[in-house]
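I have placed the structure first, in the form of structure tokens, so that the comments after it can refer back to it.
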Amino acid sequence: MSAAALLRIRDLVVHFAGRSGQVCAVDGVDLDVHPGETLGLVGESGSGKTVTVLAALGLLPPSAACTVRGQALLDGRDLLTMAPRQLRAVRGREIGLVFQDPMTSLHPSFRVVDQVAEALLVHNGRLTRRDARDRAVELLETVGVPHPGRRVHDYPHQWSGGMRQRAMIAMAMANRPRLLVADEPTTALDVTIQAQILDVLRAARDDVGAATLFITHDFGIVAELADRVAVMRAGRIVEDAMAQQLFATPQHPHTVALLQAVPRLDRPVPERPPVAARGTPVLAVEDLVTHHRTRRGAVHAVDGVDLAVHAGETVGLVGESGCGKTTLARTVLRLVDPTAGRILFRGEDITTARGRRLRTARRGMSMVFQDPYASLNPRMAVGDILAQPLRVAGRYRSSGGPRRIAELLDLVGLESASATRLPAEFSGGQRQRIGIARALALSPDLLVLDEPVSSLDVSIQAQVVALLDRLQRELGVAYLFIAHDLALVRQLSDRVAVMYLGTVVETGTREQVYERPTHPYTQSLLSAVPVPDPARRRGAARIVLRGDVPDPSDPPTGCRFRTRCWKATSECAVTDPELVVRPGSDHPSACLHADTHVAVPVGRQPDGQREVSEPRRPTTG
Amino acid sequence: MLVRLLASPGGGLGAALTLVLLVVGLAAPLLAPYDPFAVDGPALSRPTGAHPLGTDALGRDLLSGIIWGARTSLLVAGCVAVLVSIVGATVGLLSGYAGGWADDVLMRLTEAFQVLPRFFLALVVIAFFGPGLDRLILVLGLTSWPLLARVVRAEVLALRTREFVEAARVHGASRTRILLREILPNAVPPAIALLGLVVAQVILIEAGLGFLGLGDPNVVSWGALSSEAQQFLRVAWWLSLFPGVAILLAVLGLNLLGDALTDVVTGRR
Numbered sequence: 004m005s006a007a008a009l010l011r012i013r014d015l016v017v018h019f020a021g022r023s024g025q026v027c028a029v030d031g032v033d034l035d036v037h038p039g040e041t042l043g044l045v046g047e048s049g050s051g052k053t054v055t056v057l058a059a060l061g062l063l064p065p066s067a068a069c070t071v072r073g074q075a076l077l078d079g080r081d082l083l084t085m086a087p088r089q090l091r092a093v094r095g096r097e098i099g100l101v102f103q104d105p106m107t108s109l110h111p112s113f114r115v116v117d118q119v120a121e122a123l124l125v126h127n128g129r130l131t132r133r134d135a136r137d138r139a140v141e142l143l144e145t146v147g148v149p150h151p152g153r154r155v156h157d158y159p160h161q162w163s164g165g166m167r168q169r170a171m172i173a174m175a176m177a178n179r180p181r182l183l184v185a186d187e188p189t190t191a192l193d194v195t196i197q198a199q200i201l202d203v204l205r206a207a208r209d210d211v212g213a214a215t216l217f218i219t220h221d222f223g224i225v226a227e228l229a230d231r232v233a234v235m236r237a238g239r240i241v242e243d244a245m246a247q248q249l250f251a252t253p254q255h256p257h258t259v260a261l262l263q264a265v266p267r268l269d270r271p272v273p274e275r276p277p278v279a280a281r282g283t284p285v286l287a288v289e290d291l292v293t294h295h296r297t298r299r300g301a302v303h304a305v306d307g308v309d310l311a312v313h314a315g316e317t318v319g320l321v322g323e324s325g326c327g328k329t330t331l332a333r334t335v336l337r338l339v340d341p342t343a344g345r346i347l348f349r350g351e352d353i354t355t356a357r358g359r360r361l362r363t364a365r366r367g368m369s370m371v372f373q374d375p376y377a378s379l380n381p382r383m384a385v386g387d388i389l390a391q392p393l394r395v396a397g398r399y400r401s402s403g404g405p406r407r408i409a410e411l412l413d414l415v416g417l418e419s420a421s422a423t424r425l426p427a428e429f430s431g432g433q434r435q436r437i438g439i440a441r442a443l444a445l446s447p448d449l450l451v452l453d454e455p456v457s458s459l460d461v462s463i464q465a466q467v468v469a470l471l472d473r474l475q476r477e478l479g480v481a482y483l484f485i486a487h488d489l490a491l492v493r494q495l496s497d498r499v500a501v502m503y504l505g506t507v508v509e510t511g512t513r514e515q516v517y518e519r520p521t522h523p524y525t526q527s528l529l530s531a532v533p534v535p536d537p538a539r540r541r542g543a544a545r546i547v548l549r550g551d552v553p554d555p556s557d558p559p560t561g562c563r564f565r566t567r568c569w570k571a572t573s574e575c576a577v578t579d580p581e582l583v584v585r586p587g588s589d590h591p592s593a594c595l596h597a598d599t600h601v602a603v604p605v606g607r608q609p610d611g612q613r614e615v616s617e618p619r620r621p622t623t624g
Numbered sequence: 010m011l012v013r014l015l016a017s018p019g020g021g022l023g024a025a026l027t028l029v030l031l032v033v034g035l036a037a038p039l040l041a042p043y044d045p046f047a048v049d050g051p052a053l054s055r056p057t058g059a060h061p062l063g064t065d066a067l068g069r070d071l072l073s074g075i076i077w078g079a080r081t082s083l084l085v086a087g088c089v090a091v092l093v094s095i096v097g098a099t100v101g102l103l104s105g106y107a108g109g110w111a112d113d114v115l116m117r118l119t120e121a122f123q124v125l126p127r128f129f130l131a132l133v134v135i136a137f138f139g140p141g142l143d144r145l146i147l148v149l150g151l152t153s154w155p156l157l158a159r160v161v162r163a164e165v166l167a168l169r170t171r172e173f174v175e176a177a178r179v180h181g182a183s184r185t186r187i188l189l190r191e192i193l194p195n196a197v198p199p200a201i202a203l204l205g206l207v208v209a210q211v212i213l214i215e216a217g218l219g220f221l222g223l224g225d226p227n228v229v230s231w232g233a234l235s236s237e238a239q240q241f242l243r244v245a246w247w248l249s250l251f252p253g254v255a256i257l258l259a260v261l262g263l264n265l266l267g268d269a270l271t272d273v274v275t276g277r278r
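Note that the protein sequences, when read in sequence, are chains W and H. For the first sequence, the working numbering gives the first residue as 4, with consecutive numbering after it. For the second sequence, the working numbering gives the first residue as 10, with consecutive numbering after it.
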């Protein structure tokens, strides 16, 4: 079988010249990609998966910075010893590449269509510019760019991330390559856009019949696309098996650990402890509106949101990027001033509080930020970072000084000796622990967690989530948990609110929202999450939304979701649906056609067969 | 950071030259073999064992002159650097953090100072009030800060929306605390890098004024040494060469150091 491999990597070793000697990034990798096969290369950050592929394609910086040894045979020709001129002819013609960040992988000052045409012209000298452009428009059409003929004068900044990634795929596929390499092509995209792009990739692959090497950290995507899976760790391949087999009976302990750490929608979640007596909520938000003023007009980031968080409970806030969930969090903490509405903290109105009153209120609430690398002052020792909130409140001495710092570090599972070190000496997961300890320094009643684990690897993610869970049980803090990862929110939340374009479209208990979703947006979100189990590959049964999220400075009339909704009727364009309990449902939903029937609860299906009353929509808008 | 700085050839050389300038300036009384104003050798002597860099028309030792000249340069440059740091950092911090109309006012003021021709302003002041290091320092210090203010402001603008600053706001930290504890320490490295370049210019201006005979006659200055050397250009090459080389090395050193620091701070190296 290996004799027929299209791409054959043998004993690949990559060393980088680091400041303190050589760093071995790839340590003897053997990998085969057979014709027509899709190979998923999975691993956590730093496992060497991207470097392996870049090295094999000769895309690493010149040999001064790194050394590459081994073989990478494409049809028996070694790419590592090939002359640069020949290599360039191979890349782009025989191998198509799609990279992670669609925002930076297109040239900002050339038209998109011309960039796709360029991919054709480079490898075909006889093609005229006009023909190449016509062909480029055709290619963009096939990857689902709506009306590419009308967009020939567009520059990349006029396109959304999803559209740009489509253009990248069109470029990669332009010369009908035999091997397609995709490096985390959907990581930077929202889950509904990810579903669209995965469809496009799958269709493009099947159309050209290319073998595919798919690099990702997401087991869900691998299960969705790959025939075979290779798991990498610390520069080595630790397991290489057929997808079905790998997910059913993983052999290597690392694979087992990774698969266990992934939060999943198709598995039961641990029960939440019952929340004690209701009474005054810790946080109540009433009809909150926050507009950002920009040159093009007001951006309706948060547009009339009601929300309550009670003591000891977790409210999960989910939605795609730009839906206003972070602005809502920042408004609650008064980092941004609300335009209208009320914010009540422990029953006290803090909507317009200033000075001393605001500072007092802020001592009772705190925030954990998304980026553990940006949220800690790089020039402050960890002890000082933790002492900051105490010192500001004038409670450093009375709380026990260094003893309190040691206590906080212990609470989040760090050694007390960490206090004298700088943030740079800690890993991402440890930094996030420091951020949590800082947030807990004043024993707040409310903790706002803004994507606290989304920049961490799954195994670290699981540890931090477990820590947050434990802390809530021990300290009885209320959490407002903001995340885009639906499976993660499900693990930690008592109640869930789903946001779309500045408004809450559906809310209820965890069971209500996840098992009996009634709003089409919630249904499509849940349906778009790839499940890490190839036996439940949903492919065609998935609800794929049309188009992109509309511009929040100019939201659609009536129901905001109607432009992407498959149920939309003429009534939706005129009536703005209220968030109320709809007939046949047990929790509020802002949809005129709220119905649990359309999307059956995700993960409750015995196999890939799903009853979806609506046929799958084409991804083109 | 220091390792990365010294690892580059420019940074290493710059640091070494600046260090030499510092040591020579600080230890001038110990290092100089003679009193720079005392006549203690034959007039216009070539470099010899007793006078390694020769003597001037009055028989004063040139090496001692250059060593004491370094002290003058260092004194002017150091005081100006302090003034520039204080004014520049304050204006930059306030302007960047306050925003709004305060930012507008401060930035227009900065621009007004930025377009002042420093050299001529210094000339005018000296012409009016007579030569003296104190007024020279004051004039240069009060006109050299705009660039620094701009750099600090840019840093503050970038830092104020960073998450760790927001974290401090969430915890109820006051503006002063946020500015001094969270933002300032992170804005210092780029400011220091720029300061090296500003100081190099100040040394040049001081030498230039000395050359025009507008320096303080009571202290030795590299510019004044070069100026006197003019008359003897054909007979005593050493009088022109050595002060010129001293100015060159000092300015080169500071520029190299400033450039290398900028590279290190911005992560270009």
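Note that beta-carbon positions come from the ideal geometry of N, C-alpha and C, so glycine has one too.
Run through chain H and tell me which residues come within less than 7 Å of residue i, C-beta to C-beta.
i        : result
Ala377/W : Arg171, Glu172, Phe173
Arg366/W : Gly181
At a Cβ threshold of 9 Å, is residue i touching chain W?
i        : result
Ala176/H : yes
Ser17/H  : no
Arg190/H : yes
How would you label residue i, buried or exposed, when you count the other beta carbons within 10 angstroms and need 16 or more for buried?
i        : result
Ile226/H : In the sequence under discussion, the amino acid at residue 226/H is Pro, which differs from the Ile named in the question. When all chains shown are included, Pro226/H counts as exposed.
Trp110/H : exposed
Gln239/H : exposed
Gln475/W : buried
Met502/W : buried
His110/W : exposed
Ala269/H : buried
Ile240/W : buried
Ile95/H  : exposed
Output the distance between the C-alpha atoms of residue i and residue j, rounded to the nearest integer angstrom.
i        : j        : result
Gln391/W : Ala332/W : 22 Å
Pro252/H : Ser235/H : 6 Å
Val456/W : Val174/H : 20 Å
Leu7/H   : Ala52/H  : Outside the displayed span of chain H (10 to 278) sits residue 7/H, for which this structure offers no information.
Ala202/H : Phe429/W : 28 Å
Leu483/W : Cys326/W : 16 Å
Val308/W : Leu10/W  : 53 Å
Ala602/W : Val385/W : Note that Ala602/W scores a pLDDT of 46, beneath 50, so its modelled location is shaky and nothing firm can be said.
Pro38/H  : Leu84/H  : 14 Å
Leu76/W  : Ile12/W  : 6 Å
Thr152/H : Leu265/H : 23 Å
Gly152/W : Leu157/H : 51 Å
Quick check on residue i - is its C-beta less than 9 Å from some C-beta in chain H?
i        : result
Thr355/W : no
Val318/W : no
Pro381/W : yes
Thr363/W : yes
Glu617/W : For Glu617/W, the predicted model reports a pLDDT of 39, less than 50, meaning its position is unreliable; a value from the coordinates is still stated below. So no, Glu617/W is outside the interface.
Gly438/W : yes
Gln435/W : no
Arg441/W : yes
Asp352/W : no
Could you work out which residues of chain W lie near residue i, taking near to mean beta carbons separated by less than 9 Å?
i        : result
Arg186/H : Gln391, Arg394, Val395
For a contact meaning CB atoms closer than 8 Å, what does residue i contact in chain C?
i        : result
Gly109/H : Within the model displayed, chain C is absent; protein chains W and H are what it includes.
Along chain W, in chain order, which residues have C-beta atoms closer than 8 Å to that of residue i?
i        : result
Asn195/H : Asn380, Pro381, Arg382
Give me the chain H residues within the contact set of residue i, using Cβ-Cβ distance strictly less than 8 Å, ordered along the chain.
i        : result
Leu336/W : Val179
Ser369/W : Val179, His180
(request) Counting only runs of 4+ residues fully inside the segment 532-610 of chain W, write out the alpha helix (DSSP H) ranges in chain order. (result) Within the segment 532-610 of chain W, the complete alpha helix (DSSP H) runs of at least 4 residues are 573-577.
(request) Let me know the alpha helix (DSSP H) ranges lying completely inside the segment 73-134 of chain W, each 4 residues or longer, listed in chain order. (result) The DSSP assignment places 87-93, 115-126 as complete runs of the alpha helix (DSSP H) inside the segment 73-134 of chain W, in order along the chain (cut-off: 4 residues).
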